[in-house]
Amino acid sequence: MADDKFPGWHGTTILAVRKGGEVVVAGDGQVSLGQTVIKGTARKVRRIGSGVVCGFAGSTADAFTLLERLEKKLEGSVPLARACVELAKDWRMDKYLRNLEAMLIVTDGEGLYVLTGAGDVLEPENDVAAIGSGGNYALAAARALMDSDLPAEAVARKAMAIAADICVYTNGNLTVERISA
Numbered sequence: 006m007a008d009d010k011f012p013g014w015h016g017t018t019i020l021a022v023r024k025g026g027e028v029v030v031a032g033d034g035q036v037s038l039g040q041t042v043i044k045g046t047a048r049k050v051r052r053i054g055s056g057v058v059c060g061f062a063g064s065t066a067d068a069f070t071l072l073e074r075l076e077k078k079l080e081g082s083v084p085l086a087r088a089c090v091e092l093a094k095d096w097r098m099d100k101y102l103r104n105l106e107a108m109l110i111v112t113d114g115e116g117l118y119v120l121t122g123a124g125d126v127l128e129p130e131n132d133v134a135a136i137g138s139g140g141n142y143a144l145a146a147a148r149a150l151m152d153s154d155l156p157a158e159a160v161a162r163k164a165m166a167i168a169a170d171i172c173v174y175t176n177g178n179l180t181v182e183r184i185s186a
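Set out below in structure tokens:
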């Protein structure tokens, strides 16, 4: 998700694991510009509204714009799935929003969704979702760990540690949020 004005920005691995009646969303803290680490303690996982946990990858300002819009869609007890679809429609059709460079993982402890600027609202298979620079490494590690006796948080932490060992754009400074169904 590079911007022509800021080539080489990398900065996120977000992983969500649903297991044992809870969902854990973990995000690393690294933001890189080319081969330089700009910040190692960024917080890319947070709670919004009442009972929704989000992780974001891509441009921070773009992600916050999307998080604010999602929070507005959730007002009035709208189900998370519906709010995600409505946001994806807006994101796809609005000229301003269409140019936003970010991806989101959102959960209310029951549903788990990946939202993209292409208008996708994806519910991942195997109860694991990941986005960002090291997302595929974290995803593969978490899927391998899902058959173990480890609880969701331990799976997420181990998978993120593996991703941090492999991906130069991922570090071990984690923000972890847990939510139950």
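Position 30, counted from 1, in the sequence shown is what our numbering calls 35; the numbers after and before it change by one each time, with no gaps.
Quick reminder that beta carbons are idealized off the backbone N, C-alpha and C, glycines included.
As the structure is a prediction and not an experimental result, all values here were calculated from the model.
I think residue i touches residue j, with their Cβ atoms under 8 Å apart; what is that distance to the nearest whole Å?
i: residue 23; j: residue 135; result: Their Cβ separation, rounded to whole angstroms, is 12 Å, which puts residue 23 and residue 135 out of contact at 8 Å.
i: residue 181; j: residue 29; result: 6 Å
i: residue 122; j: residue 96; result: 6 Å
Assign residue i to one of two classes, buried (16 or more other C-beta atoms within 10 Å of its C-beta) or exposed (fewer than that).
i: residue 11; result: A caution first: residue 11 carries a pLDDT of 48, below 50, which makes its placement in the model unreliable, though a value can still be read off. Looking at its Cβ environment, which holds fewer than 16 other Cβ atoms inside 10 Å, residue 11 is exposed.
i: residue 173; result: exposed
i: residue 18; result: buried
i: residue 66; result: exposed
i: residue 99; result: exposed
i: residue 49; result: buried
i: residue 41; result: exposed
i: residue 64; result: buried
i: residue 169; result: buried
i: residue 46; result: exposed
i: residue 139; result: buried
Tell me which same chain residues have a C-beta within less than 8 Å of the C-beta of residue i, skipping the five on either side of it?
i: residue 153; result: 160
i: residue 72; result: 51, 53, 59, 61 and 109
i: residue 132; result: 22, 23, 24, 117 and 151
i: residue 179; result: 31, 32, 33, 34, 162 and 165
With a threshold of 6 Å on Cβ separation, who are the neighbours of residue i within its own chain once the five nearest residues in sequence on each side are excluded?
i: residue 76; result: 53 and 54
Cutting at 7 Å between CB atoms, please list the residues of its own chain near residue i, excluding the five before and the five after it.
i: residue 78; result: 88, 91 and 92
i: residue 137; result: 17, 18, 19 and 62
Worksheet item: On the three-pair Cβ rule with 8 Å, is the region 82 to 98 touching the region 136 to 153?
Response: no
Worksheet item: Counting Cβ pairs, one atom from each stretch, are 3 or more of them under 8 Å apart for the region 30 to 38 and the region 163 to 182?
Response: yes
Worksheet entry | Complete beta strand (DSSP E) runs within the region 128 to 174 (minimum length 3 residues, chain order) | 133 to 137
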